[in-house]
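Beneath this line is the structure, given in structure tokens, with notes to follow.
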Amino acid sequence: MVLDSNARAVRRGCSLWKQAFPGTSANGMVRPCSCPASDKLARGAKTRSTPSQTPSTAIAVIGIDIGKNSFHVVGHDTRGAVVLRQKWSRGQVEARLANMPPCLIGMEACVGAHHLSRKLASLGHDARLMPAKYVRPYSKGPKNDFNDAEAIAEAVQRPTMKFVATKTAEQLDLQALHRVRERLVSQRTGIINQIRAFMLERGIAVRQGIGFLRTELPTILATRTDALSPRMLCVIEELAGDWRRLDQRIDSLSGEIEALARQDQACSRLMTVSGIGPIISSAMVAAIGTGDVFSKGRDFGAWLGLVPKQISTGDRTILGKISRRGNRYLRVLFVQAAWVVLVRIKNWERYGLRSWIEAAKKRLHHNVLAIALANKLARIAWAVLAKGRAFELTRTNDAGVRPA
């Protein structure tokens, strides 16, 4: 038939065209290659890109995700492109970064970060530490070490990022003493609560307070009443022995901290503020050093978590409980200092706090007053530490006496 002959002619012409011009169709369009690689691209397969191997001089910013034995490193060039993505061991970090020109290096403030920051600063790099909470919003994709390192490299370049000051070896030593003392005090509190609970189960109640239990416990153990069985007496005596040993260790650490605080000039200046002694002054110096990381006392009070938690939207401003952010240990110490000022110190005029406390008592609950006074003491302490001079009072015509 005519149609069959025409169809055979068309097929014959197409085959002759393919032999003459491979890779194109008869209508002049480019025909894709039939190799497997081109088939993958034609189906839309994703290609895996790897960072280009550029010389180390192109690296401007480095983000390091710190681990115990391995460090994940991501480097950016001046345009923000990833030019380095490698996993280094702990021994390779200093050796490899020593051969690179000075650059901006970001890390999260965690265990070992302050030591590495000091090492990198000695090599000429600009090492900066950031809170992990502020780095998290810059993470893209699933949670893994390379993505964390890339988020760190992105976050360290932000002009509004808040950084953590690198602590010196002396600060870390002083901070270690405070942490050991805090743990021992917590263990002592647990032993005291356990002794009280065991005696309450036998109907023996002691007035609240560590001093009353320390005074009455020897009498209770020596009486040998029927309320306590011989086995329970033995258990309580062993707990009392643990209590005495903890007291000795706590007193030893407290004496060492006090001796260090007396020798340090910054701690000596802080102890001129009402309610602040060797423990609080040394803990503050160990935490913030000279206070340069804060621009004003309000920022230090907010970092301690002694300000109301704000939940505002539109024209509504809602203030709730205190935020409790930042250094919990230091916040507790300042609250205790505020209670000492309110309960034990009677001459408030000496520290310029009389008019402020008397006015606040009329409008605030005593617990709220303690928190407000703790915030005020923290701001005064920061001013003393940042300005480098002892606490003193200045007299003004309008407000009478106020802290300098």
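If you're matching positions, the sequence shown starts at 0 in numbering that gives the first Met the number 0 and goes up one per residue. Yeah, the Cβ is synthetic: ideal placement off N, Cα and C, and Gly gets one too.
Within 10 angstroms of the Cβ of R47, are there 16 or more other Cβ atoms? Answer buried if so, exposed if not.
Confidence is the limiting factor: at R47 the pLDDT is only 40, short of 50, which leaves the residue's position unreliable and the question unanswerable from this model.
Cα-Cα separation between V60 and N192, rounded to whole angstroms
52 Å
Considering A120, what are the terminal residues of the alpha helix (DSSP H) in which it resides?
A112 to S121
If contact is defined by three or more beta carbon pairs under 8 Å, each pair taking one atom from either stretch, is the region 189–208 in contact with the region 325–338?
Fewer than three beta-carbon pairs drawn from the region 325–338 and the region 189–208 are found closer than 8 Å, and the two stretches are therefore not classed as touching.
Whole beta strand (DSSP E) runs in the region 349–380 with 3 or more residues, listed along the chain?
Here no run is fully enclosed.
Alpha carbon to alpha carbon, what distance is there between D298 and V284?
Each residue's Cα considered, the two are about 16 Å apart.
Identify the continuous alpha helix (DSSP H) that holds I275 and give its terminal residues.
From DSSP, I275 is part of no alpha helix (DSSP H); its letter is neither H nor E.
In or out: P101 buried (at least 16 other Cβ within 10 Å) or exposed?
exposed
Which same chain residues, not among the five before or five after A282, have their C-beta less than 7 Å away from its C-beta?
H177, Y328, L329 and L332
Mapping the DSSP letters down to three states, classify H177 as helix, strand or coil.
helix
Apart from the five residues on each side of it in sequence, which residues of its chain come closer than 8 Å, Cβ to Cβ, to M270?
A260, G276, P277 and S280
Check each candidate in V342, I317, K375 and R268 and name the one with the smallest Cα separation from F390.
R268
For V331, the first and last residue of its enclosing alpha helix (DSSP H):
DSSP places V331 in the uninterrupted alpha helix (DSSP H) bounded by R327 to V342.
C-alpha gap between R315 and C266, whole angstroms
42 Å
Assign D64 to one of two classes, buried (16 or more other C-beta atoms within 10 Å of its C-beta) or exposed (fewer than that).
buried
Alpha carbon to alpha carbon, how far is K386 from A337?
22 Å
Grab the span of the alpha helix (DSSP H) containing E209 for me, first residue to last.
The sequence given here has Ile at residue 209, not Glu. Start and end: I209 to T222.
Do D76 and I104 have their CB atoms nearer than 8 Å?
no
On the DSSP bridge assignment, give the partners of Q309 in chain order.
In DSSP, Q309 forms a bridge with L318.
Less than 8 Å between the beta carbons of I203 and W242, yes or no?
no
May I have the straight-line CA-CA distance separating F293 from G208, to the nearest angstrom?
Rounded to whole angstroms, the gap between the alpha carbons of F293 and G208 is 38 Å.
Below 8 Å on the Cβ atoms is my guess for R378 versus G290; work out the distance and round it to an integer in Å.
That belief does not hold up - the Cβ atoms of R378 and G290 are roughly 11 Å apart, past 8 Å.
Going by DSSP in three states, A227 sits in which element: helix, strand or coil?
The sequence shown places Leu at residue 227, rather than the Ala named in the question. For L227, the secondary structure class from DSSP, reduced to helix, strand or coil, is coil.
Same chain, Cβ closer than 6 Å to V9, neighbours up to 5 away in sequence not counted
In this predicted model, V9 has a pLDDT of only 49, less than 50, meaning its place in the structure is not dependable enough to derive any value.
So is D147 buried or exposed if we call it buried at 16+ other beta carbons inside 10 Å?
When all chains shown are included, D147 counts as buried.
Smallest Cα separation from M160: which of A152, N143, Y133 and K142?
Y133
Pull up the distance between the alpha-carbon of R89 and that of N374, whole angstroms please.
Distance between the alpha carbons of R89 and N374 is about 41 Å.
Can G288 and Q186 be called in contact, C-beta distance under 8 Å?
No. Outside cutoff.
Please list, in chain order, all residues of the same chain as K118 whose beta carbon is under 7 Å from its beta carbon, the five residues on each side excluded.
E93
In chain order, what residues of the same chain lie with their CB nearer than 8 Å to the CB of L384, ignoring the 5 residues before and after it?
Cβ neighbours of L384 beyond the five flanking positions: A265, R268, L269, M283, V284, I287, T289 and G290.
Where does I61 fall in DSSP's three states?
strand
Where does R388 land, buried or exposed, given buried means 16+ other C-beta within 10 angstroms?
exposed
Grab me the residues of F145's own chain with a C-beta within less than 7 Å of its C-beta, minus the 5 sequence neighbours each way, in chain order.
Non-local C-beta neighbours of F145 in its own chain, meaning closer than 7 Å and more than five positions away in sequence, comprise H71, V73 and R84, ordered along the chain.
Cβ shell of S116 (< 7 Å), same chain only, five flanking positions each side left out
M106, A126, L128 and T165
Which one of K360, L318 and A371 has the shortest CA to CA distance from Q335?
A371
Looking at the secondary structure, which residues open and close the beta strand (DSSP E) in which S88 lies?
V81 to S88
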